[in-house]
Each structure stands twice: as C-alpha cells, then as structure tokens.
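Protein chains in written order, with the numbering used here: chain A, 89 to 295; chain B, 89 to 295.
Virtual Cβ for every residue (Gly too), placed ideally from N, Cα, C.
Report on the structure given below.
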DNA sequence: GTTTAATTCAAACATTTGTTTAATATTTGC
DNA sequence: GCAAATATTAAACAAATGTTTGAATTAAAC
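Spelled out as structure tokens, the structure:
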C-alpha cells in the first residue's frame, strides 16, 4: 500500500521534474497532481531532495542488464552488438524520455552532488561496456582505429539530440505540433537506421 | 554607462543561469554576484523573465553570420563547407559553453513560450543553411543519399554531448577534475577531427 | 475489542521569492 | 549653476516556498 503510493509519487515527480525542472516544481504542484497531501511527500521521503534521489535510483540501472546481456552473447559479432545497443538505447530513451530528460538536466546542472554522482556512476559503467566492445573490434581488425570515447559521444549525443526535446525534434523533422515522436514507430526506426548507418561507415573497414 | 551595466548583468546572468538554472537563480544571488542593488535588475529589465529574454537575444544570431559566410563562399566544395561549419560550431560551443548550456536547458523545458520560440527560430534557420549544403552535395552526387535531418542531429548532438556537461566529458575522456575541456586546445582538435571523420565516411561516396 | 503503530490531514512555520516604493544621489541638457 | 531626467538605494510588500506540527483517522497486532 505504502509502496504503491511512493511509486505513484515518484512517477508524478518524473512527469513534473521533466516539464518544469527540479527547482521549477513545487511540493504543492506535486501533491496536487499526485492527489496526496503536501505533508505526505516529506512523510515518505523526508525532503524534496530525497524524493529526487529516490526518483533517480528508481530506474538507475535498468539499461545495464540489457547491455550485459548483449555483451555476454557469444554468438554475435562486435558490430551486431553495437547495433543491438543502438536499438535498445533508442527504444529506452523514447519510452522513458521523461526520466531521461530529468537525468540529463541534472547532469548539466551539477547542483546536487550526491545525485550527480549516482548518475555519473551509472553512465560510466555503461560507457565502459560499450568501450570494451569497440576496443575488441579494433583489436580484431574489423573496426578502424577510431577515437573510441568520441564514438560513444556520437552515439549517445545523436540519441539525446533526437529524443530529449520535443520542439527541437519537430524542427528537425519538419513535422507539426500534433506529431508525437515518442510513440511514432517510423520515427524510431528512422533514428535507428540512421545511427546504424553512421556507426557502420565510421567503424567498419570494408563495407 | 547604462549599457555597460546592462551587459554586465547579462553576463552574470549567463554565468548563474548556466550553473543553477533559471528558477534556481534568485534575483538576490544575481545582484550580489553582479555587485548591484536588487532593484536595479527590475529597473533595467522590468522582470527576471525579461532579463532572461534579453540574455537570450544578446547572442542569438552570432553563429548565423559565419554560417552565411561559409555558404556564400563559391570557392569551396560542400564537404569543405561542412568541415568549416563543424570547426566553427565546436569553437563557439566551447568558448561560449555557458550561454549554450542555458539555451539548451530552456530548449528542454519549454516553459517560457516567447523565449522558447526565439531559440527555436534561430536554430531553425541555422538548420536550413546546413540542410541546403548537404542537399546540394547529394544532388551533385558527391554525397550519399543520407537522412539529412538526422545527419544534422548527429553533428549538433555530438557537439552538445561533448561540450555541455563538464562531468560527462570527464568520464568520456577519463580525465581528472582539474582538466579544463573548455580551454584545452588538443581536446578541441580531437572533437573536430572525430566529427569530420564521422561525417566524411557518412557522406562521401568514395574516400 | 483494545492497544499500538502507521497514515493522513489542515494549519502554521519560518524563509525565500520576485517586485515595488519612495527617498536619495548622480548625471545630463541648457 | 540650475532644472529635469536618470540612476541607485534600503526597506517594505505580498505571494510562494519547503518543512513541521499536532490532532484525527485508519490499519495492524495481540
């Protein structure tokens, strides 16, 4: 019962923080939208900042499992692994775009140290996994000797740029305001296709 | 005299908004850091939001001029134009990273409609310029038939990802906290080299 | 069914917020 | 050098902020 309510508050927090930012969202906004009393948030989480922490940790490592699954599959080549990673990242960023927007904002602001560190740690581990795959591809001479760090920057940066801002996306796609990128299947496939193409021609020695 | 002071306040605003966000920065913080009376900000700009507007417009079109210069140069090929654009963007994002961080944040939040529209319009025009160059390259059959919109997303996304967050960058580069990416020349050259490489192999038909 | 613990609530708390005021100081135009 | 406009200030304003309180309600334990 209590857990359900906590989860409900966290989900409302994701919604509001992603729209208005952490400082832009008041406890009263939050309580109203979650249909609970203002005092409940402090009762459950202790403080607004602790709610934020709980929110961040709520989904912190949910990408990792899939990344490790992909890495540990011995039947796939390096480029197939990267393809799978691209597909998974795009899918996750689109379905959980609000959560990722909050995380992204906090990463930029570097205000709340503890939260920032949590995000950094999660990201760092995921980076290492991708790094290892590209490194192996280079060693096996199926990949060119590229700048691995920036190759990852391009993958994540492209996905972030395409999914984080609705209006930015509308401009890019020359789409109207009614177009919902977060549920549009052809849009998702278009990012994936493009990004795979970029990474393939960037990495593969012969194509 | 008045203009100098206005400019000074705007520069302090860029500094603080980029660190703490718009809602996270109080007029009193701002006044203290700018060493002016709190009332001066409303005296000069009317309101906190108007200061924000003034700040956004302050440098709104400063990239455009160079973009048009690059386009209008009849002696360069399409790929040379793109190379010049990449160099310029990276340079500008690094030297004015605080301003760009503020703009980026506002683009994500979509809170203040008027400001958001200004940013969108500026960005949209710049996009059109780059779009036209790639389109011409495709027509002239020196470029592959790529997804133009997402190619621009990759360019801007890579630069954003590499320059917007200091800590994100530190992870990526495996550098310590003392490393200052915004002034490091070899870092700048490394982004440019990587991004040119990515775009070349993505676009050019024979290399 | 009573006692104990957990939950919910409206109200109050002390700060902080953006903004305005009205008095004072400074600069400008002549 | 004087009048009018501009700039600067400390103080006050009302509204909003995160948090706490203490009583009331509900659930759990025995």
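query                                                                                                                              : result
Within 7 Å, strictly: CB atoms of residue 196 of chain B and residue 253 of chain A                                                : yes
Where the stretch 250-281 of chain A meets chain B: residues whose CB sits under 9 Å from a CB there                               : 250, 252, 253, 254, 255, 256, 257, 258, 259, 260, 261, 262, 278, 279, 281
When B/237, B/248, B/260 are compared against residue 263 of chain A, the one with the closest alpha-carbon                        : B/237
Burial state of residue 116 of chain B, where buried means 16 or more other Cβ atoms lie within 10 Å                               : exposed
Beta-carbon proximity check, residue 45 of chain B vs residue 247 of chain B, cutoff 7 Å                                           : With chain B running from 89 to 295 in the structure shown, residue 45 of chain B is simply not present.
Exposure label - residue 202 of chain B; buried when at least 16 CB within 10 Å                                                    : exposed
Residue(s) in a DSSP beta bridge with residue 231 of chain A                                                                       : A/292
Minimum C-alpha distance to residue 191 of chain A - residue among A/209, A/179, A/231, A/233                                      : A/209
As assigned by DSSP and simplified to three states, the class of residue 96 of chain A                                             : helix
Residues of the stretch 165-178 of chain B whose Cβ lies closer than 8 Å to any Cβ of chain A, in chain order                      : none
Close-in-space but distant-in-sequence residues of the same chain around residue 148 of chain B (CB under 7 Å, 5 per side omitted) : 206, 210
Residue 196 of chain B: contacting residues in chain A (beta-carbon distance under 8 Å)                                            : 189, 192, 193, 252, 253
Any C-beta of chain A under 7 Å from that of residue 293 of chain B                                                                : no
Boundaries of the alpha helix (DSSP H) in which residue 171 of chain A is found, first to last residue                             : 166-183
Whole runs of the beta strand (DSSP E) within the stretch 197-229 of chain A, excluding any shorter than 3 residues                : none
Chain A contact for residue 235 of chain B (CB, 7 Å cutoff)                                                                        : yes
7 Å Cβ cutoff met for residue 182 of chain B and residue 276 of chain B                                                            : yes
Three-pair Cβ contact test at 8 Å for the stretch 213-232 of chain A versus the stretch 122-129 of chain B                         : no
C-beta neighbour in chain B for residue 238 of chain A, strict 7 Å                                                                 : yes
Simplified DSSP state of residue 131 of chain A, which is helix, strand or coil                                                    : helix
Pairwise C-alpha distance: residue 132 of chain A and residue 121 of chain A                                                       : 16 Å
Residue 151 of chain A: first and last residue of the uninterrupted alpha helix (DSSP H) it sits in                                : Segment: none, residue 151 of chain A is in no alpha helix (DSSP H) and carries neither H nor E.
Distance between beta carbons of residue 239 of chain A and residue 222 of chain A, contact taken as under 8 Å                     : 6 Å
Residue 244 of chain A and residue 249 of chain B closer than 7 Å at C-beta                                                        : yes
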